[in-house]
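Taking full-length UniProt numbering, the leading residue of the sequence shown gets 1, the next gets one more, and so forth. Contents: one structure, followed by commentary.
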Amino acid sequence: MSSLSDRAGFSLGSSFRVRRSLVSRIVAAALVPAIVLGSGAPAIAASNTLTLTTLDRNGKKVTITAKAVNLSTNSTYSVKSNKPKKLPKGSYAVLAAVKDGSSTTLGVRTVKVSGASRTTVDARKGKKVTLGLSPAPSGEGLDGDTVAQICVRTTSLRHVVEGSDWDRSLYVIPNSSKTYAFAALRTWADGSGRPGSTQYAVMYTTTGVPTNPSRTIKQSSLATVNVAARRGPSGGNSSNFVAQPTGRSCGSDIYRNLVTNELAYRTKVKVTAGKWDFRAGSSGSAKDGSSYNIGGYTATRTVAAGKSYNLNFFRSAWGPSTRLPVVLNGRISYSLNDMFADPGFPRDSAEVGDKATATLTFGGKTVKTVKDKGWDPHGTILEYKVKKAGWYKLTNKASRHYPEITFPAGMLSPKTNVTYRFKAKPNTWVTAPVYAITMLPTGLDLNNRAKPGSSTNVQLKLSRLKGEPDAKLGKNPKVKTVTAKASFDGGKTWRSVKVKKVGGVWTAQVTNPSSGAVSLRARVTDTTGGYTDVTIIRAYAIG
């Protein structure tokens with residue numbers, strides 16, 4: 001079972017761009033002897049061997065490949081059962097999954113290797129893993145499985161053995177040692193997210209492997225997450241929704257896809273209390289008929305029993321992220337590659353695939369131009385050594401670009417622009433004294449459309465986040481004005497719209513046309529003369 005990684009960048013496929021940090025750091029790597037999967041293993045004495053015997057649930061000897069973890073060094077070794085394996089002297093956790101035609105049994109044994117050592121994993125000692133809900137889930141087409149893990153919890157690295165009851169029964173062999181932990185995740189899902197549907201994901205974890213690994217969980221103890229996955233700005237033709245427990249001593253790398261749909265959808269997701277990563281991913285069809293994973297982002301939430309929460313993915317007005325230019329040791333530094341961020345998750349682009357041109361001017365003259373033609377594997381950064389103190393203007397113009405796939409007709413947010421005007425001087429380590437602007441149109445339907453002739457409030461959220469640890473944030477500049485414009489012809493002409501504070505948030509009030517789409521432009525100017533100007537073409541649709 002593959003796993004999702006941390007919230008900001010776990011991979012859904014090889015098409016993800018690897019982004020380069022603004023401050024490069026070189027990490028030295030040491031060569032590891034070929035026999036060791038981990039590191040730090042001492043020399044192997046010929047007299048120290050481990051023979052692992054594995055028996056299936058019928059008592060028949062079977063041959064498998066298990067994992068032996070040295071509990072002192074974290075070194076990991078592959079051990080083929082029923083055959084002596086040379087190992088360094090020490091104490092080991094031996095993790096095994098024994099399969100036959102109808103079952104998988106997980107087991108772990110602690111064994112001290114010194115001389116000719118032996119241990120046995122006997123699947124007949126396994127106890128069945130079953131997770132249920134009371135009352136039982138109801139709904140059409142609900143399907144799913146249980147995934148269980150046994151984890152070594154006393155080492156600095158995570159070591160697990162995993163199994164599923166997808167096509168066979170699942171058992172675990174009890175072990176009371178606190179060296180280990182047990183986790184099981186059960187899901188019930190229809191996969192469609194159709195109106196009125198409910199998906200379920202329940203988690204059960206213990207220290208040690210319990211003698212009774214089965215549980216029935218009351219539905220009243222679950223939290224409810226109301227999920228909306230919209231359509232319009234994504235470059236893909238389908239999206240999926242994944243639930244993954246996190247922050248557990250075991251089971252934090254188990255995940256299950258609950259919904260995959262080509263249409264916008266709303267669904268309820270009921271989960272056990274605790275910390276979860278909820279992720280929406282997008283994929284598109286390539287011209288050769290294959291499918292590409294092109295993006296996704298994660299909401300990490302700690303949920304409580306009986307409480308309800310809301311999550312919205314793929315909202316309209318994808319624009320520049322909240323990452324600001326920085327000055328590092330007197331060098332202006334800015335990444336070109338975060339120009340299409342969901343306003344609900346504004347730190348990074350929601351999907352990969354863009355072209356960009358960034359231009360830096362000083363005293364009315366261009367001093368640096370950098371282009372990203374698309375798919376630079378390390379990302380593209382504008383860097384410029386500040387020679388004179390004064391006002392600099394940095395503009396980045398970006399467009400969506402993914403040559404392998406065909407973008408959906410009428411895709412929203414195909415182009416964005418941003419301009420920052422700020423003061424910089426040599427030999428400094430600061431975040432540019434400007435704001436990021438995130439635009440969030442409200443009151444749209446699941447396809448990010450406003451009613452013809454209606455009025456839409458667009459929230460203009462101002463923020464200043466510290467993107468680099470060495471770049472001082474400093475005081476926020478005092479806001480002088482916030483203005484906005486709308487275009488109904490794809491950015492050819494613009495008209496000013498009223499901006500006022502609504503509930504403490506700057507809000508642009510747009511009177512919508514009878515058809516087409518609305519492009520947006522907003523500017524925040526501070527009292528020193530610095531400003532940020534953001535443009536999003538086809539921010540939301542009319543329908």
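The beta-carbon is built from N, C-alpha and C at its ideal position, and this holds for glycine as well. None of the values given here were measured: they were computed from a predicted structure.
Identify which residue in the options has its Cα closest to the Cα of residue i.
i	options	result
residue 190	268, 498 and 226	268
residue 476	514, 56, 432 and 492	432
residue 494	520, 59, 500 and 509	520
residue 498	510, 448, 245 and 406	510
residue 539	280, 501, 470 and 448	448
residue 464	487, 437, 470 and 281	437
residue 460	371, 397 and 322	322
residue 470	429, 371, 94 and 506	429
residue 404	292, 143 and 247	292
residue 466	543, 347 and 378	347
In whole angstroms, give me the CA-to-CA distance for residue i and residue j.
i	j	result
residue 434	residue 413	23 Å
residue 289	residue 257	22 Å
residue 221	residue 249	21 Å
residue 456	residue 235	24 Å
residue 149	residue 183	5 Å
residue 21	residue 145	Residue confidence is low: residue 21 scores 34 on pLDDT, short of 50, so the model does not pin down where it sits. No coordinate-derived value is stated.
residue 532	residue 107	59 Å
residue 79	residue 68	7 Å
residue 365	residue 389	15 Å
residue 239	residue 260	6 Å
residue 402	residue 354	7 Å
residue 264	residue 287	23 Å
residue 36	residue 75	Confidence at residue 36 is low in this model, with a pLDDT of 35, below 50, so its placement is unreliable and no value can be given for it.
residue 312	residue 361	38 Å
residue 373	residue 337	11 Å
residue 331	residue 383	6 Å
residue 356	residue 283	22 Å
residue 600	residue 335	Because the chain spans 1 through 543 in this model, residue 600 falls outside it and cannot be assessed.
residue 72	residue 90	8 Å
residue 245	residue 181	15 Å
residue 420	residue 369	15 Å
residue 117	residue 207	27 Å
residue 215	residue 137	15 Å
residue 518	residue 488	5 Å
Is residue i helix, strand or coil by DSSP?
i	result
residue 256	strand
residue 124	helix
residue 238	strand
residue 220	helix
residue 464	coil
residue 533	strand
residue 39	No answer about residue 39 holds up, because its pLDDT of 39 lies below 50 and its placement is not dependable.
residue 22	Unreliable positioning characterises residue 22 in this predicted model, as indicated by a pLDDT of 32, which lies under 50. A coordinate reading is not provided.
residue 135	coil
residue 165	coil
residue 333	strand
residue 394	strand
residue 325	coil
residue 264	coil
residue 563	With the chain covering only 1 through 543, there is no way to say anything about residue 563.
residue 276	strand
residue 305	coil
residue 526	strand
residue 538	strand
residue 386	coil
residue 405	strand
residue 12	Bear in mind that the predicted position of residue 12 carries a pLDDT of just 33, short of 50, making it unreliable; the figure below should be weighed with that in mind. Correct three-state label for residue 12: coil.
Would you mind sorting residue i into buried or exposed? The rule is 16 or more other CB atoms within 10 Å of its CB.
i	result
residue 41	Interpretation of residue 41 is limited by its pLDDT of 43, a score under 50 that renders its predicted location unreliable; the figure taken from the coordinates is listed afterwards. Burial call: buried.
residue 166	exposed
residue 503	exposed
residue 277	buried
residue 161	buried
residue 85	buried
residue 305	exposed
residue 159	buried
residue 427	exposed
residue 253	buried
residue 50	buried
residue 468	buried
residue 270	buried
Does residue i have its Cβ less than 9 Å from a Cβ in chain C?
i	result
residue 506	This model lacks chain C altogether, as it is built from one protein chain only.
Could you check if residue i belongs to the surroundings of the ligand MN, using beta carbon to heavy atom distance under 8 Å?
i	result
residue 503	Absence of the ligand MN from the depicted structure is noted, as is the absence of any ligand whatsoever, leaving it without description.
Open item on the list: With a threshold of 8 Å, are at least 3 pairs of Cβ atoms found where one atom belongs to the segment 63-77 and the other to the segment 130-144?
Closed with: No, the segment 63-77 is not in contact with the segment 130-144.
Task: Three-pair Cβ contact test at 8 Å for the segment 520-539 versus the segment 469-487 - done: Yes, the segment 520-539 is in contact with the segment 469-487.
TODO: State whether the segment 341-355 contacts the segment 295-304, with contact taken as three or more CB pairs (one from each stretch) at a distance under 8 Å.
DONE: Flag = yes, the segment 341-355 and the segment 295-304 touch.
- [ ] Evaluate the contact criterion for the segment 404-420 versus the segment 317-324: three or more CB pairs, one atom per stretch, below 8 Å.
- [x] In short, these stretches touch, since the Cβ pair count reaches three.
Open item on the list: With three or more C-beta pairs closer than 8 Å as the rule, is the segment 171-181 touching the segment 111-128?
Closed with: Counting Cβ pairs under 8 Å, three or more are found: they touch.
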